[in-house]
Amino acid sequence: MASLDDDYNRDFLASAEILFLSDERLPCAPETWVKQCCDRYGTEIIVVGLGEKGALLWVKRDNFLERFPAAQIRPVVNTIGAGDALFACFLHAYQRSGDPYEAIQKAILFAAYKIGETRAAEGFLTPEALEALVLNLTSFKLNQPRPLRTE
């Protein structure tokens, strides 16, 4: 997304409750872009995929903006589809729980697992397999992030 003033995306940005995008073409730091987007459009939730650095989550109701690191649960083999996997799992988990913090953490795990496969169409965990992965990882615990303070 090169600009918030892009004629092609303006109506979409103004209407969307959840935005999900990659940081690859942002004209500035992801945090700066998210703040500008929220100031202009009042978006409820924004997720910015950061590739090997994880993801950035904005939640308007909590005034929350924070990076979540990528998970490394198996060797990276092929990153094709990682962003799509992150997006799909986030939406699925968010629709089920209504909790964007749980959803982003599960999505990061899902994407981390997916990139351990050779082929782009492989490595997609079922919801049950993802839950089992969350429970079995001693190094991964779903954290309840705290809202940022703005003064």
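Using our numbering, you'd call the opening residue of the sequence shown number 1 and step up by one each time.
Every residue, glycine too, gets a C-beta built ideally from N, C-alpha and C.
Alpha-carbon to alpha-carbon, residue j and residue i
i, j, result
"residue 17", "residue 31", "18 Å"
"residue 1", "residue 15", "16 Å"
"residue 21", "residue 3", "13 Å"
"residue 121", "residue 80", "9 Å"
"residue 134", "residue 101", "14 Å"
"residue 201", "residue 93", "Since the first and last residues shown for the chain are 1 and 151, residue 201 lies out of range."
"residue 95", "residue 124", "18 Å"
"residue 61", "residue 91", "18 Å"
"residue 5", "residue 24", "18 Å"
"residue 105", "residue 10", "29 Å"
"residue 109", "residue 116", "11 Å"
"residue 19", "residue 58", "10 Å"
"residue 27", "residue 38", "16 Å"
Integer Cβ distance of residue i from residue j, believed to fall under 8 Å
i, j, result
"residue 118", "residue 78", "6 Å"
"residue 111", "residue 82", "5 Å"
"residue 137", "residue 73", "7 Å"
"residue 68", "residue 55", "5 Å"
"residue 114", "residue 85", "4 Å"
"residue 97", "residue 103", "6 Å"
Bounding residues of the alpha helix (DSSP H) (the contiguous stretch that carries residue i)
i, result
"residue 83", "82-97"
"residue 108", "100-114"
"residue 132", "127-136"
"residue 12", "10-15"
In DSSP terms, what residue i is bridged to
i, result
"residue 42", "Beta-bridge pairing links residue 42 to no other residue."
"residue 57", "47 and 66"
"residue 22", "49"
Neighbour-count burial assignment, residue i, 16 or more Cβ in a 10 Å radius
i, result
"residue 8", "exposed"
"residue 49", "buried"
"residue 12", "exposed"
"residue 76", "exposed"
"residue 70", "buried"
"residue 36", "exposed"
"residue 151", "Here residue 151 scores only 36 on pLDDT, less than 50, and its place in the model should not be relied on; the value that follows carries that caveat. Exposed is the call here."
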